[in-house]
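Undergrad:
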Amino acid sequence: MAQEVAPNVLVETRFHGANVGCIVTGEGVILIDTPMLPDDARRWLQDIRERTDQEVIYIINTDHHRGHVIGNQYFPTATVIAHEFAWKNMKSYGDSFRTRLLNLYRDRIPKAVKEWKEHLEIVEPEITFTDRTILYKGDKEIHLIPLGGHTEATTVVYLPDDGLLFAGDLVVTDRPPFLSQSDTKEWLGALTYLRKLRYDVLIPGHGELSGKEATEKMSEFLRLVRRKVRSAYRGGLSKADTARSLKHLIHFWPIPPFEKPKADRRFKSSLSRVWNEMRAEESAKARAKARAKAKAKAQKGTKQSASV
Ligand SMILES: [Zn+2]
Numbered sequence: 576m577a578q579e580v581a582p583n584v585l586v587e588t589r590f591h592g593a594n595v596g597c598i599v600t601g602e603g604v605i606l607i608d609t610p611m612l613p614d615d616a617r618r619w620l621q622d623i624r625e626r627t628d629q630e631v632i633y634i635i636n637t638d639h640h641r642g643h644v645i646g647n648q649y650f651p652t653a654t655v656i657a658h659e660f661a662w663k664n665m666k667s668y669g670d671s672f673r674t675r676l677l678n679l680y681r682d683r684i685p686k687a688v689k690e691w692k693e694h695l696e697i698v699e700p701e702i703t704f705t706d707r708t709i710l711y712k713g714d715k716e717i718h719l720i721p722l723g724g725h726t727e728a729t730t731v732v733y734l735p736d737d738g739l740l741f742a743g744d745l746v747v748t749d750r751p752p753f754l755s756q757s758d759t760k761e762w763l764g765a766l767t768y769l770r771k772l773r774y775d776v777l778i779p780g781h782g783e784l785s786g787k788e789a790t791e792k793m794s795e796f797l798r799l800v801r802r803k804v805r806s807a808y809r810g811g812l813s814k815a816d817t818a819r820s821l822k823h824l825i826h827f828w829p830i831p832p833f834e835k836p837k838a839d840r841r842f843k844s845s846l847s848r849v850w851n852e853m854r855a856e857e858s859a860k861a862r863a864k865a866r867a868k869a870k871a872k873a874q875k876g877t878k879q880s881a882s883v
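Residue numbering for the sequence shown follows the working numbering, beginning at 576 and increasing consecutively.
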């Protein structure tokens, strides 16, 4: 059953792919992400129809990952809104994206694969943004706040009057977060920002409804991963060896049964991404240090020649 988290705002956390939201504004329905599986999408539309006969006018995608966007096709009356970077990514979803999707789900959810083979359309955003954007619709005020971190496109949806925050994949509670396109430093900054906003209910990208405390657990995990990967890098470990030696960190999180087959591989790819980030941060630090040293040396030189 969909949960009513505020007047006329529904959330469903049980669909495969990602959590989804629905805002009935009085002047049309606005969706936050869409259920990726055809059966879930039909179910969602039925739940919405039981509430209202208003048309679905907008879909807000919180990032471009398949679990959030494939379902856009099942709501043909809606215009999709997303960050410009999400649009750039979704534009490139061609044959290889399709093949990967079908292969990934062939054994796990054959019914969905059968339908996707007949019809799979990536409905791209028609409205994009790069800065904070506010939708005023009916009696609802909906803030789209791009914060990055998880991906360059990652956007949270904030309803200040309802005390609600849709955190997208910046916050997940029931599985390891996906870091393979992330900037963990920016992600930590985003979580700090989320702790300053006022809301009672936080809807994570995956997992059950929560409060602000879910941001703390995410920050703790990201700091831990950064610290461990940094010291592995400083110790001279290669990317592959770092990923191998830290694979146990996955147990910071529960792993849902359907995630099991790919969880280790995804986590390895997450650690590799952080290793790249640490290498970049460490070499930037080394360059800054060398510049400061050279500057100090040059100043010393000028002083000496001035005193001659
Ligand atoms: Zn994502």
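Cβ atoms here follow ideal geometry from the backbone N, Cα and C, with glycine treated the same way.
On a predicted model such as this, the values are computed, not experimentally measured, just so you know.
Taking the C-alpha atoms as reference points, what is the distance between Tyr733 and Ile632?
TA: Along the sequence shown, one-based indexing puts residue 733 at 158. Along the sequence shown, one-based indexing puts residue 632 at 57. If you take the alpha carbons of Tyr733 and Ile632, they lie about 18 Å apart.
Undergrad: For the alpha helix (DSSP H) containing Lys663, name the first residue and the last one.
TA: Within the sequence shown, numbered from 1, the residue matching residue 663 stands at position 88. Counting along the chain, the alpha helix (DSSP H) containing Lys663 begins and ends at Glu659 to Lys666.
Undergrad: Going by C-alpha distance, which of Ala765, Gln874, Ala657 and Val580 is nearest Cys597?
TA: Residue numbering aside, residue 597 sits at position 22 when the sequence shown is read from its first letter. Residue Val580 is the option with its Cα nearest to Cys597.
Undergrad: Using beta-carbon positions only, say whether Ile709 and Ile697 come within less than 8 Å of one another.
TA: Against the sequence shown, residue 709 aligns to sequence position 134. Against the sequence shown, residue 697 aligns to sequence position 122. Their beta carbons are not under 8 Å apart, which means Ile709 does not touch Ile697 by this criterion.
Undergrad: For Thr705, name the three-state secondary structure that DSSP assigns.
TA: Working through the sequence shown from its first residue, we reach residue 705 at position 130. Thr705: coil per DSSP, three-state reduction.
Undergrad: For Pro610, I'd like the list of residues in its chain whose CB is within less than 7 Å of its CB, leaving aside the five on either flank, ordered along the chain.
TA: For the purposes of this step, residue 610 is identified with residue 35 of the sequence shown, where counting begins at 1. The residues are Phe590, Gly592, Val595, Ala616, Trp619 and Gly646.
Undergrad: Does at least one heavy atom of ligand 1 sit under 7 Å from the Cβ of His658?
TA: Here residue 658 is taken as the residue at index 83 of the sequence shown, counted from 1. No, Cβ of His658 sits at least 7 Å from all heavy atoms of ligand 1.
Undergrad: If you draw a straight line from the C-alpha of Pro751 to the C-alpha of His826, how long is it?
TA: Within the sequence shown, numbered from 1, the residue matching residue 751 stands at position 176. Within the sequence shown, numbered from 1, the residue matching residue 826 stands at position 251. Between Pro751 and His826, the C-alpha separation is close to 8 Å.
Undergrad: Any heavy atom of ligand 1 within a distance shorter than 7 Å of the CB on His694?
TA: Here residue 694 corresponds to residue number 119 of the sequence shown, with the count starting at 1. His694 Cβ: outside cutoff for every heavy atom of ligand 1.
Undergrad: So does Thr705 have its beta carbon nearer than 7 Å to some heavy atom of ligand 1?
TA: Residue numbering aside, residue 705 sits at position 130 when the sequence shown is read from its first letter. Not under cutoff, so the answer is no.
Undergrad: Where in the segment 741-816 do unbroken runs of the beta strand (DSSP E), each at least 3 residues long, occur, reported from the N-terminal end onward?
TA: Fully enclosed beta strand (DSSP E) runs of 3 or longer: 776-781.
Undergrad: How would the residue list near ligand 1 read, in chain order, if you kept each one whose beta-carbon is closer than 5 Å to any heavy atom?
TA: Answer in sequence order: Asp638, His640 and Asp744.
Undergrad: At the level of alpha carbons, what is the spacing between Phe842 and Ser671?
TA: One-based indexing of the sequence shown puts residue 842 at position 267. One-based indexing of the sequence shown puts residue 671 at position 96. In a straight line, the C-alpha of Phe842 is about 22 Å away from that of Ser671.
Undergrad: What separation, rounded to the nearest whole angstrom, lies between the Cα atoms of Lys689 and Gln629?
TA: Residue mapping note: residue 689 aligns to position 114 of the sequence shown, counting from 1. Residue mapping note: residue 629 aligns to position 54 of the sequence shown, counting from 1. Roughly 31 Å separates the two Cα atoms.
Undergrad: Enumerate in chain order the residues of its own chain whose CB-to-CB distance from Lys814 is below 7 Å, with the five nearest sequence positions on each side excluded.
TA: Counting from one through the sequence shown, the residue named residue 814 turns up at place 239. Cβ within range, chain order: Ser847 and Trp850.
Undergrad: Just the C-alpha distance for Ile830 and Ala873, rounded to the nearest angstrom, thanks.
TA: The residue labelled residue 830 in the question sits at position 255 within the sequence shown. The residue labelled residue 873 in the question sits at position 298 within the sequence shown. In a straight line, the C-alpha of Ile830 is about 56 Å away from that of Ala873.
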